[in-house]
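Protein chains in written order, with my numbering: chain D, 1 to 284; chain V, 285 to 568; chain A, 569 to 852; chain R, 853 to 1136.
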């Protein structure tokens, strides 16, 4: 049986759930999981539905066309219907830090991530040996302030060539240009090494140490044009104390970065994240 | 507008969600929140729905009768429909420990708990002053091994008199008798001072200390005839280390007990807990 | 046997620990616990020592005089030696929020806090019934923008009269004046309802909701003239998600505020906190 | 300057800290960090001291001899003095699960672990490609119930040949024989995939699922002859709910296993763990 994931959002209205579930009955689909949320302030309705299609004679394509013309049209929905068997293609952008890269490739090799990783892009050569070790094509796209546009162009061509669905910045340390952001809206995941909105920008562990906080954090979010201001996908924290140096903060933070980024990748790959008003709805 | 909470469980079947949501449309109700869960192993369907009724001419009583004869009958459902405005009546059973009692009555007075507390029962007089301080009727029901049955009878009469809906054992330290358990099935909440199933029974902090664990816990659960084996509602933990004595464990544990019990009370009072196969479905 | 707590800080130098521990041997004291910390950046040494004096013929007063003239003088130490049996006197400042007040008075009544609470001060009468309920003198000190100086003067006189050692702002919601801060330097504990330095100032839960964070927090800190910028004593967090409204944030936050403030009070009362460079050394 | 770590335990007596710190002064050493603990129940004193030797003319060997004949002899101490620059040699035992192996080798390659990993031993060939990928010698030591003694003998010879200091069972899934345990007492670290003492033995995630717990855990401990009963080094937990299947427990558990094992390795490698009465003193 074909498994599907349906994501919907629209203005909140009476009868949406009834309409969608009736539609599923009509096309001989079973609901495996249904999650729904209403943002009362914004008056927006969100739904995520996992189902399976029991009649092989009714194709996914025909279901999509039918849904678009009836339900989606009536309720003015934004929606996507995914075939669960098709894994999204993910590009890794890295720079010199290796811990997130090791972690992601280890999980990928262990079969934990529901993605394909066709390639890695970096502005430095430092991490090429790791890409080689895991047999992932590595593309060196160096650039300076002066030729950043050319660098971006090269990145975009690679993303097209490999048909990349979403991008993960694994401690990439470079600011993404508006053009690339607009091509991958809510599809570029960054890991920031602080508990946002505390300590945005550079050297957050140093700032946290100076402030004398008792807890540090990490935040994964979608990249928008405002630095470290995009929709937050996941956050986690670790306790620190006076005995910890800045170096300890950085070391403890590595575990946070690894975990929080890996969770965000999983959530995104499993189509569990929806974005609205610079916030996320995350259906666990 | 009348707010309602609907809880359902039944054998998993095609079309349940569609039927229920269509029913809501029919009786002019809006769905505010819908949560659903399928226990795949047991093949059981669970649903919790919060809604509001927009037509004052359609009474809750008529809705209940209609639902029973149509949907509930067709799908062989176990179900309850609550009026959200009616607070459940909760009895507190205590013994000599005062910290959970202070915490619950403080929260109650601060308006945090969606319950009424018409009375407190204890086998000792130690905590009467606290009941007095908060103006809650306190009933002293002492008993020994030999007259436990009479004690239980007295408890049951008090529970009836006050029309108690559910019971909270706030470190009550006495074993509840099967008769009382059967009268309040899945309606007696206990707090056990360990991370069950580790350290059931007496003196769990001492056992945890002896074993050298690095984390202690507390568990709230419904009382069943098997001691500390009932359906778990909520658990939480705290870190300990070699510098902590048994007394430190006990002191840290008090915070866990307070919090975990208060959360369980809130979940139960808000009708967010369903029980099946000695496990709970908790719709947060 | 007399139990003592010794707190020391001074420029880091060779031989401090040896000198202090030799001194203890000389005055026939046992070390029960010794914690020490060196702030490498600032080159400052911190020590906390719990001991017991075995010879009743050697008085605490003579030990203090001896220590001052020898060890403290040689190493140019700032230090304090406390008799563990003497509980510090704590004043509560409250306004209209009752949850922290209930929690603190419940813990106090349950014997969990190693303090005396001789009185409560408030600018409103709302919480007087709670003070009455727990039999704590309640002083109503109202003031407006125009007569804040007079209000402060009245507060200071009450603090003197009751010989208050430290002040706890239990959601007091008023800005403390520089004069009072200077009289109680590092002795006024505030609870801020966010994970500082994120969301300082007013309405942090609303800001956190707007930003779409996945974790909220609370922070207890000593009050300094810079609002929400004082040395952090303790922080904790709770997970939130898209299903939580601002009201849910506030409700979850109440538990954080209670816990984090109670921990800070305990740490301060047990003389486990030392302040330096706007940070705390907390010897757990 | 030579950096050293000194670990001591002995019967608790007056004057130990003074004696040790005076000794450090005598051999021209600075104390960088000193942690001490007294197990009051057992009357045992523990100390961990990090220091640096400022006089290159006083050798570590002479310091050790001096310490043994004076301080250690007087107080009947068990003690070790480590040169911080010399990394312990760690052997990995694996079977078929790959996630802990990827994690450890990723951390090792990223320079996070203060160890050398000269080799990996496995009873299966499945993970050889990972060892190859990271260029670590892989020794296949298969055995059956009938020739377990020969297998063990081969393991012991490899451990000797590589001068292994401690062993890490990275989800090894085999019971270690008493002979090997006695050769590496408190030097074999296991990761158990439950919150011990809950769910010892096989299939803990399945048992946790069946019991309906709300939190799962992982435990790293030293291996003793009693299965899953050895001294606990570190534990951590993750929340689960009714929506999680056994497979979800297993997936979430992988993160716990990785983290908890990695922390235990770090603590052991940094000589921060001392064992006594089947418990650990962990100096963070």
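Ideal Cβ placement from N, Cα and C applies to all residues, glycine included.
Practice task
Please name the residue, chosen from V/564, V/462 and V/449, that lies closest to residue 1066 of chain R on a Cα-to-Cα basis.
Solution key: Nearest Cα to residue 1066 of chain R within the set V/564, V/462 and V/449: V/564.
Practice task
Run the CB neighbour count on residue 358 of chain V, radius 10 Å, all protein chains shown included, and call it buried at 16 or more, exposed below.
Solution key: Taking all protein chains in view, the Cβ of residue 358 of chain V is surrounded by fewer than 16 other Cβ atoms within 10 Å, so the residue is classified as exposed.
Exercise for the section: Below 7 Å between beta carbons is the criterion; list the residues of the region 380 to 391 of chain V that meet it against any residue of chain A, in chain order. Expected result: Residues passing the 7 Å Cβ filter: 382, 383, 386, 387 and 390.
Handout entry: In DSSP terms, what residue 785 of chain A is bridged to
Key = According to DSSP, which records beta bridges pairwise, residue 785 of chain A is partnered with A/805.
Exercise for the section: Kindly list the residues whose CB is nearer than 8 Å to the CB of residue 950 of chain R, restricted to its own chain and excluding five residues on each side of it in sequence; keep chain order. Expected result: Setting aside the 5 residues that flank it on each side, residue 950 of chain R is surrounded in the same chain by 978, 979 and 982, each with a C-beta closer than 8 Å to its C-beta; the list follows chain order.
Exercise for the section: Identify, in the order they occur along the chain, each residue of the same chain with its Cβ nearer than 7 Å to the Cβ of residue 822 of chain A, setting aside the five sequence neighbours on each side. Expected result: Cβ neighbours of residue 822 of chain A beyond the five flanking positions: 667.
Handout entry: Start-to-end residues for the beta strand (DSSP E) that takes in residue 884 of chain R
Key = Counting along the chain, the beta strand (DSSP E) containing residue 884 of chain R begins and ends at 881 to 891.
Exercise for the section: Within the region 686 to 721 of chain A, note down every full beta strand (DSSP E) run reaching 3 residues or more, in order along the chain. Expected result: 706 to 708, all fully within the region 686 to 721 of chain A.
Handout entry: Partners in chain R for residue 604 of chain A, counting only beta-carbon separations shorter than 7 Å
Key = Here the neighbours are 886.
Practice task
For chain C, find out if any of its Cβ atoms is closer than 9 Å to the Cβ of residue 284 of chain D; answer yes or no.
Solution key: The question asks about chain C, but that chain is absent: this structure's protein chains are D, V, A and R.
Problem - From A/712, A/719 and A/750, residue whose alpha carbon lies closest to that of residue 790 of chain A - result: Among A/712, A/719 and A/750, the Cα nearest to that of residue 790 of chain A belongs to A/750.
Problem - Proximity test, Cβ basis, 9 Å: residue 867 of chain R and chain A - result: By the rule that beta-carbons nearer than 9 Å mark a contact, residue 867 of chain R touches chain A.
Practice task
Give the interface partners of residue 985 of chain R over in chain D, defined as CB-CB distance under 8 Å, in chain order.
Solution key: Within 8 Å Cβ-Cβ: 133 and 134.
Practice task
Answer yes or no: does any C-beta atom of chain D fall closer than 9 Å to that of residue 810 of chain A?
Solution key: Judged by the 9 Å Cβ criterion, residue 810 of chain A is in contact with chain D.
Practice task
Check residue 943 of chain R in the structure and name its three-state DSSP category.
Solution key: Residue state, collapsed to three classes: strand.
Exercise for the section: Leaving aside the five residues before and after residue 458 of chain V along the sequence, list all residues of the same chain whose C-beta is less than 7 Å from its C-beta, in chain order. Expected result: Closer than 7 Å at Cβ, skipping near neighbours: 379 and 407.
Handout entry: Reference residue 1024 of chain R; option with closest CA among R/1002, R/1064 and R/972
Key = Nearest in C-alpha terms to residue 1024 of chain R, of all of R/1002, R/1064 and R/972, is R/972.
Practice task
Would you mind stating whether residue 192 of chain D and residue 246 of chain D have Cβ atoms separated by less than 9 Å?
Solution key: Between residue 192 of chain D and residue 246 of chain D, the CB-CB gap reaches or exceeds 9 Å.
Problem - C-beta neighbour in chain R for residue 565 of chain V, strict 9 Å - result: Taking 9 Å as the threshold, the shortest C-beta distance from residue 565 of chain V to chain R falls below it.
Handout entry: Per-residue DSSP class, three states only, for residue 251 of chain D
Key = Here residue 251 of chain D sits in helix by DSSP.
Handout entry: Positions along the region 1074 to 1103 of chain R whose CB lies within less than 9 Å of some CB in chain V
Key = So the list reads 1081, 1083, 1084, 1085, 1086, 1087, 1088, 1089, 1091, 1093, 1094, 1095, 1097 and 1098, given in the order they occur along the chain.
Problem - Contact residues within the region 918 to 938 of chain R, judged by C-beta distance below 7 Å to chain A - result: The residues in question: there are none.
Handout entry: Neighbouring residues, chain V, relative to residue 1053 of chain R (Cβ below 8 Å)
Key = Ordered by position in chain V, no residue passes the 8 Å Cβ test against residue 1053 of chain R, which lies about 13 Å from the chain.
Problem - For residue 484 of chain V and residue 998 of chain R, the rounded distance between their alpha carbons - result: Looking at the two C-alpha atoms, the distance is approximately 39 Å.
Handout entry: Same chain only: Cβ atoms within 6 Å of residue 875 of chain R, ignoring 5 sequence neighbours per side
Key = Closer than 6 Å at the Cβ level, and outside the excluded window around residue 875 of chain R, lie 923.
Exercise for the section: Can you pull the chain V residues whose beta carbon is under 7 Å from the beta carbon of residue 677 of chain A, in chain order? Expected result: Result: 386.
Handout entry: Candidates R/882, R/1086 and R/892: closest to residue 1120 of chain R by CA position
Key = In this structure, R/1086 is the residue among R/882, R/1086 and R/892 with its C-alpha nearest to the C-alpha of residue 1120 of chain R.
Problem - Cβ neighbours of residue 117 of chain D in the same chain (closer than 7 Å, five flanking residues each side left out) - result: Once the five neighbours on either side are set aside, the close Cβ partners of residue 117 of chain D are 90, 92, 108 and 136.
Problem - Other residues of its chain near residue 1090 of chain R: CB distance less than 8 Å, five sequence neighbours each side excluded - result: Within the same chain, residue 1090 of chain R has close Cβ partners 1067, 1068, 1069, 1104, 1105, 1107 and 1108.
Practice task
Please report how far the alpha carbon of residue 550 of chain V lies from the alpha carbon of residue 335 of chain V, in whole angstroms.
Solution key: Cα to Cα, residue 550 of chain V sits roughly 19 Å from residue 335 of chain V.
Handout entry: the region 886 to 897 of chain R contacting the region 838 to 847 of chain A, beta-carbon criterion three pairs below 8 Å
Key = Counting C-beta pairs closer than 8 Å gives fewer than three between the region 886 to 897 of chain R and the region 838 to 847 of chain A, which falls short of the contact rule.
Practice task
Could you have a look at residue 103 of chain D and say whether DSSP puts it in helix, strand or coil?
Solution key: Residue 103 of chain D: helix per DSSP, three-state reduction.
Exercise for the section: Might you give, ordered along the chain, the residues of its own chain that have their beta carbon closer than 7 Å to the beta carbon of residue 64 of chain D, omitting 5 neighbours on each side? Expected result: These residues qualify, in order along the chain: 81.
Problem - Residue-chain proximity (residue 1023 of chain R, chain D), Cβ-Cβ < 9 Å - result: Not closer than 9 Å to any Cβ of chain D, the Cβ of residue 1023 of chain R fails to qualify, so no.
Problem - Classification of residue 1083 of chain R by the beta-carbon crowding that lies within 10 angstroms, buried from 16 upward - result: Classification of residue 1083 of chain R: buried, given that the 10 Å Cβ count is 16 or more.
Exercise for the section: Determine which residues of the region 537 to 562 of chain V have a Cβ less than 7 Å from any Cβ of chain R, and write them out in chain order. Expected result: In summary, the residues of the region 537 to 562 of chain V whose CB is separated from some CB of chain R by less than 7 Å are 562, in the order they occur in the chain.
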